[in-house]
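Using mature numbering (1 follows the signal peptide of the UniProt record, and there is no 0), the letters of the sequence shown map in sequence onto residues -25 to -1, 1 to 289.
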Amino acid sequence: MSWLLVRSVTTAAMLSLVVLSQTRAQEVKAPAVAATVNGAAISTAQLERELALVVKDRQLTPAQREAIQKEVLAHAIDRRLVLQWLAQSNQAASEQDVDLVQARLLKKLEAESIKLPDYLQAQGQTAAEFREQQRWELTWQRYLDRYLTAANLQKFFEKNRREYDGSELHVAHILLAAPKNADEAAWQELREQAADLRQQISEKKLPFTDAAKQFSKSPTATKGGDIGWIKRREPMPESFSAAAYQLQVGEVSPPVETTFGVHLITCLEVKPGTRTWQEAVDELRPAVIHYLFRWIADKERTTAKIDYTNNWPH
């Protein structure tokens, strides 16, 4: 960002922004904290906003709501870790960049006769939270502009060709069905049973087809678990398909959970696809974005100091 652009923001606008931000900070008491990431706080108010965007109008059981709350917090922590890493590696948006974005917003609000404190209150944000959001959006977009290139999309495609070239898999599975309203203890029992079955199959003590006929609660049990041919994104649940497409012919997956229960999956045949990376670009872009995000977040979690409070499930 050039200094000419930064200087184009008027002194009056910048002063107004500072005054309004300080006023807002004085009006709002310190928000409850859900967790800190290397000393940086994540507020429960921020998480409530993100939870509302995920849940929308869905009716959830208490257990479902808690599970989503945990996911929302985990993602917020990962996002903070990514931003901190980008800042440490001098790839984050500068304070001047954020100032410019906020000054533009202030000008727009003034044209609509809206005061910044009122705008922030409608958003349910403090001035500091809003600034942090803008810093994240600017920083992450800049990072994507640098690495979400045609060359990287093609490289990712070649490394994960089967998932994007239209390949089809012939698979079989064993389903250990979860009882209705199963609690964590019941799920853990299914995981352990599936792990034991997998070990027996891997050690050739029990053929997969026999295990399916004996233990599977799927309609395919009588056929040795044979489902037939599947595509990467249909017709099975995502967790099932994602695990299946990691298998070589003859391999058996670790236990895989879906809403139906716990599965063991084996790959019987592969029908290679013919799509090019250019034809798959609409699927590749979100996959590479997810990969870039996870690469940073997972790396940073190994050394991060993350402290939780009792204000939010984790």
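Where is the CB? At the ideal position from N, CA and C, for every residue including glycine.
Taking just the CA atoms, how far does residue j sit from residue i?
| i | j | result |
| --- | --- | --- |
| residue 224 | residue 135 | 16 Å |
| residue 97 | residue 18 | 17 Å |
| residue 101 | residue 95 | 6 Å |
| residue 220 | residue 283 | 36 Å |
| residue 274 | residue 53 | 10 Å |
| residue 146 | residue 181 | 18 Å |
| residue 290 | residue 248 | Here the chain covers residues -25 to 289 and nothing more, so residue 290 does not appear. |
| residue 103 | residue 38 | 32 Å |
| residue 197 | residue 241 | 16 Å |
| residue 285 | residue 279 | 19 Å |
| residue 163 | residue 8 | 31 Å |
| residue 89 | residue 99 | 15 Å |
Tell whether a beta-carbon distance below 9 Å holds between residue i and residue j.
| i | j | result |
| --- | --- | --- |
| residue 139 | residue 252 | yes |
| residue 76 | residue 34 | no |
| residue 243 | residue 231 | no |
| residue 106 | residue 73 | yes |
| residue 215 | residue 152 | no |
| residue 195 | residue 202 | yes |
| residue 137 | residue 12 | no |
| residue 173 | residue 229 | yes |
| residue 28 | residue 44 | no |
| residue 193 | residue 186 | no |
| residue 41 | residue 288 | yes |
| residue 237 | residue 175 | no |
| residue 208 | residue 142 | no |
Buried or exposed for residue i, going by 16 or more other Cβ atoms inside 10 Å?
| i | result |
| --- | --- |
| residue 118 | buried |
| residue 277 | exposed |
| residue 64 | exposed |
| residue 14 | exposed |
| residue 200 | buried |
| residue 36 | exposed |
Entirely enclosed alpha helix (DSSP H) segments - the stretch 41 to 98, minimum 4 residues: 70 to 86 and 91 to 98
Cβ contact check for the stretch 37 to 49 and the stretch 258 to 268: 3 or more pairs under 8 Å: no
Length-filtered (4 minimum) alpha helix (DSSP H) runs lying within the stretch 213 to 281: 213 to 219 and 256 to 276
Validate contact between the stretch 255 to 264 and the stretch 118 to 134 using beta carbons, cut 8 Å, 3 pairs: yes
In chain order, each beta strand (DSSP E) run of at least 3 residues that lies wholly inside the stretch 131 to 210: 143 to 152 and 201 to 205
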